[in-house]
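Novice:
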Amino acid sequence: MKFNYLLSPLFKSLVLLILITSCQDKTQKADLVITNTTIWTGNDGQPWAEAMAISGDSILSVGSTEEISKFIGENTQTKDLSGKFVTPGFIDSHVHLLTGGFNLNSVQLRNAKTPEEFTKAIEDYAKTIPKGSWILGGDWDHENWGGELPTKSWIDSVTKDNPVFITRLDGHMSLANSVALELAGVSNEAVDIEGGEIVRNDKGEITGLFKDNASSLIWSAVTEPTTEEYEHALNAAMKYLASNGVTSVHHMSAAGHYNVLKKVRNEDNLITRIYAMYPLNQWEGLKQEIDTNGSGDHWLKIGGLKGFVDGSLGSHTAAFFQAYTDNPTDSGFFVAPIDSIYKHVKGADNAGLQVMIHAIGDKAIHNLL
811 MKFNYLLSPL
821 FKSLVLLILI
831 TSCQDKTQKA
841 DLVITNTTIW
851 TGNDGQPWAE
861 AMAISGDSIL
871 SVGSTEEISK
881 FIGENTQTKD
891 LSGKFVTPGF
901 IDSHVHLLTG
911 GFNLNSVQLR
921 NAKTPEEFTK
931 AIEDYAKTIP
941 KGSWILGGDW
951 DHENWGGELP
961 TKSWIDSVTK
971 DNPVFITRLD
981 GHMSLANSVA
991 LELAGVSNEA
1001 VDIEGGEIVR
1011 NDKGEITGLF
1021 KDNASSLIWS
1031 AVTEPTTEEY
1041 EHALNAAMKY
1051 LASNGVTSVH
1061 HMSAAGHYNV
1071 LKKVRNEDNL
1081 ITRIYAMYPL
1091 NQWEGLKQEI
1101 DTNGSGDHWL
1111 KIGGLKGFVD
1121 GSLGSHTAAF
1131 FQAYTDNPTD
1141 SGFFVAPIDS
1151 IYKHVKGADN
1161 AGLQVMIHAI
1171 GDKAIHNLL
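One point on numbering: in my numbering, the residue at position 333 of the sequence shown is 1143, and numbering is uninterrupted.
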């Protein structure tokens, strides 16, 4: 007993050392440590840092080089950024993710400055794809050449082998060629659709332009992409976002391909965090999905709904009390009845879902409020 008593101070010191070492070893080691950088944190209490520790898809800590060094283990990769600036990733709160991905791989019309450039770009693109393939996307803007709206006559001669349905950059007006009209079974006798417009010339003939809800006449004929094509578009979109510093998006049109998003998430292949929206009139389906399968996780989350009152300024589909200055007979229109919007909003809100409503014109905003 005397021997043990004499050793006890030494024993206590050893125990204390072991405890201290054990606590140090419990510090989670990082997969990656970034050093020699200037980090803006967005935290008023600690706005700047010079190093960062990362594990998997999460930031463990930011701080001084000395503070972050404790996260370095034998398997930690370190990267010296040579003083480069680091900021938290951007969140884009209004994206059509899959559409954007498909459009990246389609004809590019956003920068066409003349009708001739518009037509030539479509002609050149048509030569690169198989006969019968749809030409979609485009993101054209007729304001680039003074405001004259394009017609199917501009493109029919260069797209005889391909159906075309290219969309204005605001997404509220699209142009079909004659091949697409034939595939969709749309003729000059087509009846207008509420909440949309089939644009006709002075003779009553269809020009190829379809606004808002009227676009459904053509979309019904467009070939549905395969799961692989959806995944390819998603990957293209995510890589483009990452290249511009965007790490999270609010995806406004996700219902039709939510299963694709879930598949990619389950395979751990998402590199963009996604808040996926359902259409407002599908709020009951969204509620059922959440009740059955949950609302997702920090990579893919649901719970939001997107609705529309009217269209857009550039397509003359935003609803105003007064007419457009360049067309005294046109004041836009509602794409959905206000009473139906009220019904859906009330139901969705009572179900604890988040509602987002698109309203552009003063008449649309007034009625929504």
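Think of the CB as a built atom: it goes at the ideal place given N, C-alpha and C, for glycine as much as any other residue.
With a Cβ-Cβ cutoff of 8 Å, do residue 915 and residue 1064 count as a contact?
Specialist: No, they are not a contact pair.
Novice: Under the DSSP definition of a beta bridge, which residues are partnered with residue 947?
Specialist: Bridge partners of residue 947: 976.
Novice: Check residue 842 in the structure and name its three-state DSSP category.
Specialist: Three-state DSSP puts residue 842 in a strand.
Novice: On the CB-based measure, 16 or more other CB atoms within 10 Å of its CB, does residue 930 come out buried or exposed?
Specialist: Its Cβ having fewer than 16 others within 10 Å, residue 930 is exposed.
Novice: From the DSSP output, read off the bridge partner residues of residue 850.
Specialist: Answer is 858.
Novice: In angstroms with no decimal places, state the Cα-to-Cα distance between residue 1052 and residue 1140.
Specialist: Cα to Cα, the separation comes out at about 41 Å.
Novice: Could you give the first and the last residue of the continuous alpha helix (DSSP H) run that contains residue 1050?
Specialist: That run of the alpha helix (DSSP H) goes 1037 to 1053.
Novice: Would you call the CB atoms of residue 899 and residue 1057 closer than 8 Å?
Specialist: In contact: residue 899 and residue 1057 (Cβ atoms closer than 8 Å).
Novice: First and last residue of the beta strand (DSSP E) that includes residue 904?
Specialist: 900 to 905 is the span of the beta strand (DSSP E), which, as asked, contains residue 904.
Novice: For residue 921, does the count of other Cβ atoms within 10 angstroms reach 16, so buried, or fall short, so exposed?
Specialist: Residue 921 should be labelled exposed.
Novice: Nearest-angstrom Cα distance between residue 1115 and residue 879?
Specialist: Their backbone Cα atoms lie some 44 Å apart in a straight line.
Novice: Figure out for me which residue from 906, 877, 1148 has the closest Cα to the Cα of residue 1176.
Specialist: Selected option, being the one with the closest Cα: 1148.
Novice: With a Cβ-Cβ cutoff of 8 Å, do residue 996 and residue 1028 count as a contact?
Specialist: Yes, they are a contact pair.
Novice: Alpha carbons only, please: which of 870, 848, 854, 860 is nearest the one belonging to residue 839?
Specialist: Per the Cα distances, 870.
Novice: Residue range of the beta strand (DSSP E) that residue 887 falls in?
Specialist: Element bounds for residue 887: 887 to 890.
Novice: Check residue 1010 in the structure and name its three-state DSSP category.
Specialist: Reduced to three states, the DSSP call for residue 1010 is strand.
Novice: When the Cα of residue 955 is compared with those of 937, 973, 942, 924, which residue comes out closest?
Specialist: Selected option, being the one with the closest Cα: 924.
Novice: Assign residue 1066 to one of three DSSP states: helix, strand, or coil.
Specialist: Of the three classes helix, strand and coil, the one that applies to residue 1066 here is helix, per DSSP.
Novice: How about the segment 1082 to 1102 and the segment 971 to 983: do they share at least three Cβ pairs that are nearer than 8 Å?
Specialist: Cβ pair count under 8 Å is below three, so no.
Novice: May I ask you to verify whether the segment 945 to 964 touches the segment 976 to 989, counting CB pairs closer than 8 Å and requiring at least 3?
Specialist: Yes, they touch.
Novice: What would DSSP say about residue 1177, mapped onto helix, strand or coil?
Specialist: Three-state DSSP puts residue 1177 in a helix.
Novice: Excluding five sequence neighbours on each side, which residues of the same chain lie with their C-beta closer than 6 Å to the C-beta of residue 1009?
Specialist: Counting only Cβ-Cβ distances below 6 Å, and skipping sequence neighbours, we find 1017, 1019.
Novice: Which partner residues does residue 1116 have in the DSSP bridge list?
Specialist: Note: residue 1116 sits in a beta bridge opposite 1089, 1166.
Novice: With DSSP run on the structure shown, which of helix, strand or coil describes residue 869?
Specialist: Correct three-state label for residue 869: strand.
Novice: Applying the 10 Å Cβ sphere with the 16-neighbour rule, what's the burial state of residue 1120?
Specialist: By the 10 Å Cβ count, residue 1120 comes out buried.
Novice: Is it the case that the Cβ atoms of residue 1146 and residue 1005 are separated by a distance below 8 Å?
Specialist: Yes; because the gap between Cβ atoms is below 8 Å, this pair is in contact.
Novice: Tell me which same chain residues have a C-beta within less than 7 Å of the C-beta of residue 837, skipping the five on either side of it?
Specialist: Excluding residues within five positions, the ones whose Cβ falls inside 7 Å are 880, 881.
Novice: Just the C-alpha distance for residue 831 and residue 1155, rounded to the nearest angstrom, thanks.
Specialist: Because the pLDDT at residue 831 is just 47, under 50, the model does not fix this residue reliably, and the value given afterwards should be weighed accordingly. Near 58 Å, if we compare the C-alpha coordinates of residue 1155 and residue 831.
Novice: Does DSSP put residue 1016 in a helix, a strand or coil?
Specialist: Strand at residue 1016.
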